[in-house]
Amino acid sequence: MQVTEYQKRNSSLLFLIAILLLVFPGRMNSQVQPKLYIGMSGLNPQQEAYIKDNGLEKAIIFYQKEVTTDGSNLDVDMFTKNIMEKTSADNTGIAIIDWEGPAMKAISGSNDSDAEAAIQQFVKAVGTAKKLRPNLKWGFYGLPVRTFKGSNNDWKNINARLSPIFTAVDIIAPSLYMYNVNPRVYNARSPILELGSGDYIYVNLDYALEMGKKYNKEVYPFIWQKRNSGNSNMAMSLIPVDIFKNYYKMIASRVSSGKRVNGIIWWDSQKYFYLNRKKYPALQKEYSDVKDVDQYDLNTFKTYYNATK
């Protein structure tokens, strides 16, 4: 059979692409953007319409009050009821159990027996969820447990005992909320170490990707456009858009343990924080001159959403 010039050129092009993939696998892979999921509560009608018009998918989140009555033990009947009400049998996508409080404190603490009891409850919860809605991918918010002191053995040992949870879930959903908004830290090309904290984003993200590879799970980190800081004057303040853009890019483009994140969950609860703004000086300042709260919240959503592109 005669080989045409077109076939020769096509074969050469395919060969070149294959070489590039072998030489630069991380760089070629990084061009594919992970999917953004909206994991927000209290959205106003304008925001809901914008999300729908832009074809954005939501992550379904079950908060602690929908899972447990005492903070430590699964309330099977209540959790089952909430799953049945918030989802349908044909739902696909991702679902997150946000169980914090005493159980999460036990899981991240130094008492092994308390941790084991909490781990059993988490495994029971995800087992209940997967049995009721097997078409959803289930995970827990905030696991692996974060470190704020760089990579260290104590932190790794705490997460190592969570093996039953990582085995039981479908996805891993670490929290990567921002604390230090120094633009020199959140520089996608050349990030510096956070003073006294190690490289917070990459240390925690890389470990989550390592766990994803170890347990063969997809990874979906949580992000937020507000500063999650204990500083009373800065807590809940909006992250500068240019820094948020770099923050998002650092997470979306990172390759570690041969893995990248499969998606990113963008969380917020604007209505709740607006109603409770008097507790936070930064929120009082943010909304002090706002006349139309719904329009302001929509504009804020648009601004930060565009920064993820």
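In my numbering, the protein residues as written are 1416 to 1724. The beta-carbon is built from N, C-alpha and C at its ideal position, and this holds for glycine as well. Keep in mind that this is a model prediction, so the values were computed, not measured.
- Residue state for ASP1621 is assigned as helix, using DSSP reduced to three classes.
- Counting of Cβ neighbours within 10 angstroms places LYS1546 among the exposed residues, the total staying below 16.
- Sequence-distant Cβ neighbours of ALA1530 in its own chain, meaning closer than 7 Å and more than five residues away, are ALA1521, ILE1522, GLY1524 and ARG1576.
- Rounded to whole angstroms, GLU1625 and MET1519 show a C-alpha spacing of 21 Å.
- Taking C-beta atoms under 8 Å as the contact rule, GLU1481 and TYR1452 fail to qualify, at a distance of about 19 Å.
- Here TYR1689 has LEU1698, TYR1702, VAL1708 and ASP1712 as same chain residues with Cβ atoms under 8 Å from its own Cβ, once five neighbours each way along the sequence are excluded.
- Counting of Cβ neighbours within 10 angstroms places TYR1615 among the buried residues, the total reaching 16 or more.
- Only buried fits MET1651, as 16 or more other CB atoms lie within 10 angstroms of its CB.
- When the Cα atoms are used, GLN1448 and SER1668 turn out to be separated by approximately 8 Å.
- With fewer than 16 other Cβ atoms inside 10 Å of its own Cβ, ASP1527 counts as exposed.
- Residue pairing for ALA1588: DSSP places it in a beta bridge opposite TYR1556 and LEU1558.
- Under the 10 Å beta carbon count, ALA1504 is surrounded by fewer than 16 other beta carbons and is classified as exposed.
- Secondary structure of GLY1457 (DSSP, three-state): coil.
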